[in-house]
Structures are given as C-alpha cells and as structure tokens.
Amino acid sequence: MFSTVSPEGRIHSVPVWYEFEGGSFRVLTGRRSVKHRNLQHNPRASMCIDDGRFGYVSAEGAVQIEDRVTRDERLALHTRYRGPRDAAAVVSLGGHEAMVRIVLRPDHWITSW
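Under the numbering used here, think of the first position of the sequence shown as 6, with each following residue one higher.
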C-alpha cells in the first residue's frame, strides 16, 4: 500500500507494484495520477507491505520524482507481477512516456517480523 497526503490533508492509499533496490522503493505512475499530484504538493509518502502471514514492513520518507521512465524499466516491473508474456504484450502498447518514477527513500521503518 502506497500512501500520500492531498493538499487538503486527506490520506490517499492505494496498492502499487514496486521494486526495492539500494534501500529505496521505486513505483511507476502516470503523470496525472493522484499520487503524483499529491507528491508535488507534499513530497513524502509511506509504503506498507504485508507478507500474508501477519508480518509487515512499513516505511516512510521523502520522495524524489524522476521524469523519465524507460520501456525496459516498465517491462521489468510488469514482468515481476504479470510474467514475461503478459508483460511484453502490455508494454508493447506504449505508455511509459506518460509516466514518472517515484523513488521513496525511507527514513523511518516499522516491522513486525
């Protein structure tokens, strides 16, 4: 679950596909998404991941929005969640040009493991 805060102070929490690399979470989203708009107002977010067995990790911190998403990066993320065949079919339709990369660098962690 990825959470941001709107300019009006409302919490916006949505499930997302992510990668974790080098101590940071990476999430791809559309330039017009609520997440992206909220982060332009308040560049902090949280991520909560449930392991399905009563364990979880929650992380919060500052985000950096990176303007360029490559086809290969999108393909790797889709492959992780959909498998290679379905990922290739979806990514071949394009769309990564209208996306941004959100990089969450946690400064606070909570775990139940």
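Idealized CB from N, CA, C, for every residue including glycine. No experiment lies behind these values; they were computed from the predicted model shown.
Cβ neighbours of residue i in the same chain (closer than 7 angstroms, five flanking residues each side left out)
i   : result
L82 : W22, E24, L33
V68 : L44, P48, R49, A50, I107, V108, L109
A92 : L80, H83, T84
E71 : V105, R106, V108
Opening and closing residue of the beta strand (DSSP E) in which residue i lies
i   : result
Y61 : 61-71
V19 : 16-19
V74 : Neither: V74 is in no beta strand (DSSP E) and is coded neither H nor E.
R31 : 29-35
Same chain only: Cβ atoms within 8 angstroms of residue i, ignoring 5 sequence neighbours per side
i   : result
R36 : A103, M104, V105
R79 : L33, V96, G100, H101, M104
R87 : V95
Member of the options whose CA lies at the smallest distance from the CA of residue i
i    : options       : result
S11  : R42, V19, G28 : R42
S117 : A94, L98, D56 : D56
V39  : E13, Y86, L98 : E13
Whole-number beta carbon distance between residue j and residue i, since they are thought to touch under 8 angstroms
i   : j    : result
T75 : H101 : 7 angstroms
For residue i, the first and last residue of its enclosing alpha helix (DSSP H)
i   : result
R90 : 89-96
Residues of its chain near residue i, where Cβ-Cβ distance is below 6 angstroms and the 5 sequence neighbours each way are ignored
i    : result
D112 : G66
S63  : C53, I115
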